[in-house]
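Presented below is the structure to which this report refers.
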Amino acid sequence: MKKNLNLLILAISALFNWGCQSGSSPSTPFTMELNQNWQFRNVGNDTWSSATVPGTVHTDLLNNNEIEDPYYRLNEHDLQWIDKEDWEYQTSFSVSAEVLSKDKVALEFLGLDTYASVYLNDSLLIKTDNMFREYTADCKPLLKEGENTLRILFESPITIGLEKYDGYDYKIPVSNNDLAEIGNVPDGKYVSVYTRKAGYHFGWDWGPRFVTSGVWRPINLKAWNGFEIEDIFIQQKELGEKASMLAHVEVSSLSASEDASVEIMVNGKSIKTEAVKLVTGANKLSIPFEILDPKRWWPNGMGEQYLYDVEVKLTNKNVADSGKKRIGLRTVKLVTEPDEIGTSFYFEVNGHPVFMKGVNYIPLDLFLTRVTDERYEQTLQSAVDANMNMVRVWGGGVYENDVFYEKCDEKGLLVWQDFMFACAMFPGDEAFLENVKQEAIDNVKRLRNHPSIALWCGNNEILAAWEGWGWKNQMIEEQSQEVADKIWKSYQDIFHKVLPEAVAEFDGDRRYWASSPSTSMGVPESATRTAGDMHYWGVWWGKEPFKNYETVMPRFMSEFGFQSFPDFSTVQKYTAPEDHDVYSEVMESHQRSTIGNVTIEEYLVRHYKQPKNFESFLYVSHLLQAKGIGFGMEAHRRNRKHCMGSLYWQINDCWPVASWSSIDYYGKWKALHYRTKKAFEDLLVSYEYTDDSLKAFVISDLLEPVEAELKLTLMDFEGNKLEEVGKAITVKENTSEVYIELMQNKLLKGKNKKTVFVVGELVQGDKVLNQNIHFFAPPKDLALPNPDLSYEVKEAVDQFEVTVKTKKLAKDVYLYTSSTANFSDNYFDLLPGSEVTLSIPKSAASDLAAFKEDLKVMTLVDSY
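So the sequence shown is numbered by this note's numbering: it starts at 631 and just counts up by one.
Okay, here's the thing in structure tokens:
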């Protein structure tokens, strides 16, 4: 009887305890970003100043009026002392008893730049030496209830770099993009390669030298009980009528748990629950699930960018944690297979070969924390607006912020992702290799859920430099064969072992390409251009003619470019009036190419008449850049049977400068960006012109054929139609074909090629699907008339509208305002007797009167 009573009491007690537990919410993790109350100082200085975190030393000095604008005139040269100093940051934050009661409390550092010693309540917590890594440190033993102090000492990357440089008994080759001379580094020592930090901070041939320090990504205080989800990877295994998926979940557990469960939710709907057992320490869970009737993610121009929100919830009776990932379902692969030419190099998306229309991207600012979400949006939307489908994140910058890749997912921009190595050889000691390994793991795991990621690439131009630029032979001649072998082994360890192994282990469904450009792993770019990707710089560095873009035809053009100056409104922001000469000291300082302004002028006089003044020179430099690169883009697309990608260098600037960009630092589209928009249209009429004939191609990136008429009209500058040819055609999907060929001796017989041009139109009923113009002589030789141009301006709901009319041919119509806003079109040719209405956002001016006052309209004839 007594035994039965005791059993009854135990049962009632257990039921009571279960009821209490089930009625309360499980414990969830706590996170607080430490972004308040920061101060900084130069080590050794007793005075603290306010700081912004995330931020940099340079921007904090600027915000406190301790330095002048680094980008103005020659100020860069006066600020090189900053990177030789050590800097200290500190803040205080309050911790509650509730947070301290959690089983584990840690500090998470998402980006420290770069050599940092972190102290919590005056005790050393962690030391870091890699800008690209994330670090987590258990801090509960050092915390106290109430106020706590976090202090970070940033040691000079130049001082430590020099120590590392002097510690090697051989020299590592580095390109002259490390601007050591500007940085006042003694004896021209190139220290950039010894530090895992953004290479462009040390200078580049389009950027300044500001070697930053600081907290460049958030610091979070995290606390939890029981377990924490550390990472989620949603892997697509098969994609057909249904999508077979695996949710890989990494969990850190402080104790074993027999009663945990994982729930998978897709777009808010629970589709899978599975019981799991956790062990003490690291747990790797793989939960299979399916998505029925999957919607595919497509690149820009090919379809919808459908995204799924996948949430993973892990719970037991006491603890719960969850995480979300946004994914897209698609297949993307790089196809490198033998073909009739050599070895292919193209991307196949959802089973379709896709010509990659795109661009190379560099960081949007030298001071990374100044880049806002709005700036990312503007830049990437500009890529979409210019009909691009790929962006290459170049290896001398940074692995971009999450928002960059989220926007690429949303906009259908595939990402060619370099690892952060460019134009230099690197150390290969055990500590350096381990640092690189952890960097790769951190960033592959962070980015692998994004459907936009198409390729992991080991480095930019290092193999080309070693084999093609002469570095290998230089090392043998200046040092020894033994040194050359040692440097090459470091290369192989990083790019043939550490990085591909990280990709294979953590993102094995994506392709790794060891170096851009190259033919294959360890094999430099093909001299015959029958395999791999290519960086073609014969135009610009080699002073070769634009015409060479038709004959230097690789399997994939991953870099080519030509410079121009920024918009005049941008130049005014970093210069004084006395600087307005392209060869002034300030204009030369804001030009980092060693052949810069002279080369622009050399090419300019090949194609255009000498501009009459400084503003005209800037304008014509835009036309020149657009002419050359536009010619290249169209040539690549016409030859898609051989070449399946055209990525020009570069979309953006990181400061106001003369460069290869199509959008300047303040967001103004140059002529090149408007030209790109036309050159990358899904349907394009394009011309191949020789001494004998004019071939009219129609290029289609569409996945369906198009029935249309191709019309070619020979016209003079007064608007008289001299000849007209038309042909009904079926434009085949995903092709480039010649549909009309005209013999030049017949077409131009008795006509002056300096006063006539061809208008090609692809017409479907009353709709013009595409229009493109061909001139038979360079712009400087055209007998351009005064176009008799006029324009009217009116105000709409959210924009100003400008209607431009012309009686005769108006060549390269340019609408200028001092605003950073862009017109819907610009730098265009207007046919005789026609008009066009353009728009610009109302942000361009305070009101209609101010806009009219600011607006200027000119054509090419006005520049002479």
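Just so you know, even glycine gets a beta-carbon here, dropped at the ideal spot from N, CA and C. Here the structure is a predicted model, which is why all the values come from computation and not from measurement.
Residue of Lys1437, Lys902 and Tyr1457 minimising C-alpha distance to Tyr1446: Check the Cα spacing between Tyr1446 and each of Lys1437, Lys902 and Tyr1457: the tightest is with Tyr1457.
On the CB-based measure, 16 or more other CB atoms within 10 Å of its CB, does Thr1006 come out buried or exposed? The question names Thr, yet the displayed sequence has Tyr at residue 1006. Flag for Tyr1006 reads buried.
Can you name the start and end residues of the beta strand (DSSP E) that Asp733 belongs to? Run containing Asp733: none; DSSP gives neither H nor E here.
Give me whichever residues DSSP pairs with Phe919 in a beta bridge. Met875
As assigned by DSSP and simplified to three states, the class of Gln651: The pLDDT assigned to Gln651 is 38, lower than 50, so where the model puts this residue is not dependable, and the model offers no usable value.
Are Phe1405 and Phe1387 touching if we call contact CB-CB under 8 Å? Yes, they are a contact pair.
Check Ser1012 in the structure and name its three-state DSSP category. helix
According to DSSP, what are the bridge partners of Ala767? Leu737
Of all the CB atoms in chain B, is at least one closer than 8 Å to the CB of Asn1089? The structure shown contains no chain B, having only a single protein chain.
Cutoff 7 Å; reference Ser1493; Cβ partners in own chain excluding five residues on either side: Closer than 7 Å at the Cβ level, and outside the excluded window around Ser1493, lie Pro1241, Lys1242, Ser1246, Tyr1249 and Val1250.
Please state whether the Cβ-Cβ distance between Gly988 and Leu1277 is less than 8 Å. Less than 8 Å separates the beta-carbon of Gly988 from that of Leu1277.
Does the Cβ-Cβ distance between Lys907 and Leu959 come in under 8 Å? no
What's the call for Thr1320, buried or exposed, on a 16-neighbour Cβ count within 10 Å? exposed
For the alpha helix (DSSP H) that Ala1134 lies in, which residues bound it at each end? Leu1129 to Phe1136
Identify the continuous beta strand (DSSP E) that holds Ser1219 and give its terminal residues. Taken as a continuous stretch (DSSP letters only), Ser1219 belongs to no beta strand (DSSP E), being part of the alpha helix (DSSP H) at Glu1215 to Ser1219.
Using a Cβ-Cβ cutoff of less than 7 Å, which residues in the same chain neighbour Trp717 once the five nearest sequence positions on both sides are dropped? Cβ within range, chain order: Phe670, Asn672, Val673, Val687, Phe784 and Ser843.
Rounding to the nearest angstrom, what Cα-Cα distance links Val879 and Val725 in this structure? 30 Å
Quick one: Cα of Gly833 to Cα of Asp923, how far? 50 Å
Of the residues Glu793, Ser786 and Tyr824, the one placed nearest Phe840, counting alpha carbons only: Ser786
Closer than 6 Å by C-beta to Gly1027: which residues in its own chain qualify, once you throw out the five before and the five after it? Chain order, please. Ala828, Tyr830, Ile992 and Pro993
Between the stretch 1160-1178 and the stretch 1197-1207, do three or more beta carbon pairs fall short of 8 Å? no
Does DSSP put Glu1311 in a helix, a strand or coil? coil
Quick check on the DSSP output: what are the complete alpha helix (DSSP H) runs of length 4 or more inside the stretch 988-1034, in order along the chain? 1003-1015
Please say whether Ser1448 and Ser1199 have beta carbons closer to each other than 8 Å? yes
Are there 16 or more other CB atoms within 10 angstroms of the CB of Arg1268, so buried, or fewer, so exposed? Buried is the call here.
Reference Glu1425; option with closest CA among Leu1468, Gly898, Tyr1029 and Leu1478: Leu1478
Leaving aside the five residues before and after Arg948 along the sequence, list all residues of the same chain whose C-beta is less than 8 Å from its C-beta, in chain order. Checking the displayed sequence, the identity of residue 948 turns out to be Asn instead of Arg. Gln651, Pro656, Ser657, Asn855 and Gly856.
Return the CA-CA distance between Lys1075 and Ile957, expressed in angstroms with no decimal places. 14 Å
Assuming Leu1499 and Pro1415 form a contact by the criterion Cβ under 8 Å, report the distance between their Cβ atoms to the nearest whole angstrom. This structure leaves residue 1499 out entirely; the chain is present only between 631 and 1494.
Does the stretch 807-817 come within contact of the stretch 756-763, defined as at least 3 CB pairs closer than 8 Å? In short, these stretches do not touch, since the Cβ pair count stays below three.
Tell me which residues share the same chain as Leu740 and place their Cβ nearer than 6 Å to its Cβ, disregarding the 5 neighbours each side in the sequence. Glu764, Arg847 and Pro848
Taking three-plus beta-carbon pairs below 8 Å as touching, is the stretch 1322-1342 in contact with the stretch 1365-1383? yes
Among Phe1136, Ile1259 and Gln1111, nearest to Val1169 - alpha-carbon criterion: Checking every option, the nearest Cα to that of Val1169 belongs to Ile1259.
Where does Lys925 sit, in a helix, a strand or coil, going by DSSP? coil
Can you give me the C-alpha to C-alpha distance between Gly1191 and Phe985, rounded to a whole angstrom? 19 Å
Following the continuous beta strand (DSSP E) through Gln865, name the residue where it begins and the one where it ends. Phe857 to Leu869
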